[in-house]
């Protein structure tokens, strides 16, 4: 079955880069997503990558995809206190028909 | 249009009561999804509509749950005879099926507490 795994916590100092990792098992995944969730709020789509790409950059965010190892990472450059949240990795087989499969989320903690 | 909206934001009900939640998707989006999120977990897929047709249902969607999207716009999710295990955040998302991707945009969620 489908499974998405993430570390539960990551602590970084303000101004440093944060790297959040995710592994997935479904080799037919077509799109892989990163969402951000702040306390009591819904999920905010940060970025996504198509499975035929290996990197995508969007301002402070860089997504790296290693299809061979089924490993996805999100790098946040110059981490700020406003980046403190839970970050979810999600995968989709394609076509949108089955919904997204999410990991349990990584709590990003920013130290001053 | 400011995004996906959900109503109510919070609902407290007693066990055995029925509840109904509403989701209004982004106006041009033809796909609508319902998810459930419990504490410490990621969202879990419940069901999906393309226009007014319900095309997929997860095994998580028991017989007590029913969802509708009668005119292909807003959707309702009803839970009958609520149980304490139904306490969760219910999230709605919408997307536009197109060749460029199927990004799902989420609403703020409805938090259900069953006492």
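Protein chains in written order, with this note's numbering: chain U, 29 to 140; chain X, 1067 to 1181.
From the three backbone atoms N, C-alpha and C, an ideal C-beta is built for every residue, glycine too.
Just so you know, these numbers come straight off a predicted model, no measurement behind them.
With 16 other Cβ atoms within 10 Å as the buried cut-off, status of residue i
i                      : result
residue 1179 (chain X) : exposed
residue 1125 (chain X) : exposed
residue 1105 (chain X) : exposed
residue 1133 (chain X) : buried
residue 78 (chain U)   : exposed
residue 139 (chain U)  : exposed
residue 82 (chain U)   : exposed
residue 1175 (chain X) : buried
residue 120 (chain U)  : buried
residue 1150 (chain X) : exposed
residue 129 (chain U)  : buried
Beta-carbon separation (whole angstroms), residue i vs residue j, contact threshold 8 Å
i                      : j                      : result
residue 60 (chain U)   : residue 132 (chain U)  : In fact, because the Cβ distance is near 16 Å, the residues do not count as touching under 8 Å.
residue 1115 (chain X) : residue 1143 (chain X) : Not confirmed; about 11 Å, so no contact.
residue 1181 (chain X) : residue 1092 (chain X) : Rounded, the Cβ-Cβ distance is 34 Å, inconsistent with contact.
residue 1154 (chain X) : residue 1171 (chain X) : Actually they are not in contact, since the Cβ atoms of residue 1154 (chain X) and residue 1171 (chain X) sit about 20 Å apart, beyond 8 Å.
residue 1156 (chain X) : residue 1102 (chain X) : 6 Å
residue 51 (chain U)   : residue 99 (chain U)   : 5 Å
residue 1118 (chain X) : residue 1138 (chain X) : 4 Å
residue 136 (chain U)  : residue 111 (chain U)  : 6 Å
For this session: Using a Cβ-Cβ cut-off of less than 7 Å, give me the residues of the segment 52-70 of chain U that come near chain X, in sequence order.
Result: So the list reads 59, 69 and 70, given in the order they occur along the chain.
Exercise. Looking at chain U, which residues of the segment 1143-1161 of chain X have a Cβ within less than 9 Å of any of its Cβ atoms?
Worked result: 1155, 1157, 1158, 1159 and 1161
Problem set entry | Given 8 Å, three or more beta-carbon pairs between the segment 82-93 of chain U and the segment 1083-1093 of chain X | no
For this session: Could you tell me whether the segment 100-118 of chain U touches the segment 40-57 of chain U, using the rule of 3 or more Cβ pairs below 8 Å?
Result: yes
Exercise. Which of the residues in the segment 68-96 of chain U, read from start to end, lie with their CB under 9 Å from any CB of chain X?
Worked result: 68, 69, 70, 71, 72, 73, 76 and 78
For this session: Any chance you could list the beta strand (DSSP E) runs of at least 3 consecutive residues sitting entirely within the segment 46-71 of chain U, in chain order?
Result: 46-52 and 59-65
For this session: Using a Cβ-Cβ cut-off of less than 9 Å, give me the residues of the segment 1119-1141 of chain X that come near chain U, in sequence order.
Result: 1121, 1122 and 1124
Problem set entry | Complete beta strand (DSSP E) runs within the segment 1125-1179 of chain X (minimum length 3 residues, chain order) | Counting whole runs of 3 or more residues, the segment 1125-1179 of chain X contains the beta strand (DSSP E) stretches 1131-1134, 1141-1145 and 1154-1161.
For this session: Return the residues of the segment 1168-1179 of chain X that lie within a Cβ-Cβ distance of less than 9 Å from chain U, sorted by chain order.
Result: 1168, 1169, 1170, 1171, 1172, 1173, 1174, 1175 and 1177
Exercise. Closer than 8 Å, Cβ to any Cβ of chain X: which residues of the segment 126-140 of chain U, in chain order?
Worked result: 126, 127, 128, 129, 130, 131, 132 and 133
For this session: Can you give me, in chain order, the residues of the segment 100-118 of chain U that have a beta carbon less than 7 Å from any beta carbon in chain X?
Result: 116
Problem set entry | Where the segment 29-40 of chain U meets chain X: residues whose CB sits under 9 Å from a CB there | Residues are counted here when their Cβ sits less than 9 Å from a Cβ of chain X; for the segment 29-40 of chain U these are 32, 34 and 36, given in chain order.
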